[in-house]
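Engineer: Going by full-length UniProt numbering, the residue at position 36 of the sequence shown is 36; the numbering climbs one at a time, nothing skipped.
For each residue, glycine too, the CB sits at the ideal point set by N, CA and C.
Model, not experiment: these values are computed from the prediction.
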Amino acid sequence: MSPSFDGHIRSVRRGLAALDLLVAAAPNTVRVVDVAEHLEVDQGTASRMLATLVESGYASRTPDRRFTVGPRSLPMATHWISRLRNAAAAPMARVSRATGEIVLLTQLLGSQDVPIVYLPGREGDRPGLTATFNSTYPLWATASGRALLSRLSPANQAQLLPPEPYPRLTSRTTSDWQGLRDTIREGSKRRVYIEQDEVIAGFWCAFVPLERCVGGELLAMGVVVRGELSGRQRARILNTLAAETRDLGFALTA
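1. Using 10 angstroms around the beta-carbon of M1, count the other beta-carbons present and answer buried if the total reaches 16, otherwise exposed.
2. Between P71 and the ligand GDP, is there a pair consisting of the residue's CB and a ligand heavy atom that are separated by less than 8 Å?
3. Under 8 Å Cβ to Cβ from R191, same chain only, skipping five residues before and after it: list those, please.
4. Would you kindly check if the distance between the Cβ of T99 and the Cβ of R246 is under 9 Å?
5. Quick check on L119: buried or exposed, where buried means 16 or more other Cβ atoms within 10 Å of its Cβ?
6. With R68 as the anchor, note down where its beta strand (DSSP E) starts and where it stops.
7. Report, in whole angstroms, the separation of the C-beta atoms of V224 and E101, which I expect to be a contact under 8 Å.
8. Here's a check: name, in chain order, each residue in its chain whose Cβ is nearer than 6 Å to the Cβ of G215, leaving out the five neighbours to either side.
9. According to the neighbour-count rule (16 or more other Cβ atoms, all chains shown, within 10 Å of its Cβ), is V23 buried or exposed?
10. Indicate whether the contact test is met: 3 or more Cβ pairs, each with one atom in the region 83 to 90 and one in the region 30 to 47, closer than 8 Å.
11. With DSSP collapsed to three states, give me the class of D204.
12. So if DSSP puts M221 in a beta bridge, which residue, or which two residues, is it bridged to?
13. Below 8 Å, how does it come out for the region 192 to 206 and the region 69 to 84: are there three or more Cβ pairs, yes or no?
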């Protein structure tokens with residue numbers, strides 16, 4: 001076996017060991033030094049290993065330069081995800097019954113708004129909807145992304161965003177920092193973040209960031225509606241979300 005092949009195998013083993021550490025620690029984050037100690041390597045090697053995992057979607061880097069699982073490795077953190085889904089099941093079911101609409105719980109992982117739990121609305125699990133709402137979407141364009149960004153400082157928000165102008169998903173997508181900042185401020189005043197036609201034409205979304213998350217997780221829960229809403233429907237959705245999310249962050253992560 002050639003030395004280069006041995007080195008390749010050693011790198012793969014280290015990568016898997018680093019991934020195992022992230023999965024075991026979730027939802028808590030780890031530092032580069034923690035990974036270095038776990039792998040018994042120097043911090044430079046650990047940093048490069050983590051950068052590779054981030055680039056491939058298996059790890060996420062937080063604004064404070066710590067690391068956790070990424071969108072592609074999230075399903076591996078079965079203990080954390082199962083606990084989160086079990087804790088969210090009852091309040092999400094109540095929101096679903098009260099509104100008849102799609103209900104989502106999402107989490108910020110690095111710079112990705114990642115769906116954790118999806119409940120179909122009164123239309124049921126129509127073809128394509130599950131795939132649509134189990135996908136990651138840009139933070140700047142979605143109500144859920146803006147709700148998650150609201151829990152960060154402006155400096156940390158900027159770290160997670162691409163250069164301006166931001167890519168548009170529809171003609172209504174916010175594409176600049178000033179517009180996004182104004183939208184986040186408006187949502188903070190109302191304690192709910194609303195978006196319409198900016199990600200998928202014909203959809204209205206309202207999300208609330210969950211407060212008092214014990215481990216510092218950034219989570220948001222919201223409702224997605226296809227088509228037009230009456231004033232009464234909108235009020236019912238917003239009132240239900242406010243009631244069900246009041247202490248949900250603490251309940252999910254305690």
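Structural biologist: Here's the rundown:
1. With a pLDDT of only 48 at M1, under 50, the local geometry of the prediction cannot be trusted, and the value read off the model is given with reservation. When all chains shown are included, M1 counts as exposed.
2. The model on display carries no ligand, and the ligand GDP is accordingly not part of it.
3. Closer than 8 Å at the Cβ level, and outside the excluded window around R191, lie V208, A242.
4. Contact flag unset, no.
5. Under a 10 Å Cβ-count criterion, L119 is classified as buried, with 16 or more other Cβ atoms of the shown protein chains found around its own Cβ.
6. Note that residue 68 is Thr in the sequence shown, not Arg. Here the beta strand (DSSP E) through T68 covers 67 to 69.
7. The pair is a contact, with the Cβ atoms about 6 Å apart (cut-off 8 Å).
8. Contacts found: P27, N28, T253.
9. For V23, the number of other beta carbons within 10 angstroms of its own is at least 16, and it is reported as buried.
10. Between the region 83 to 90 and the region 30 to 47 there are fewer than three inter-stretch CB-CB distances shorter than 8 Å, so the stretches are not counted as touching.
11. Per the sequence shown, the amino acid found at residue 204 is Trp instead of Asp. Note: W204 maps to strand in three-state DSSP.
12. L105, V208.
13. Contact between the region 192 to 206 and the region 69 to 84 is absent, because fewer than three Cβ pairs lie under 8 Å.
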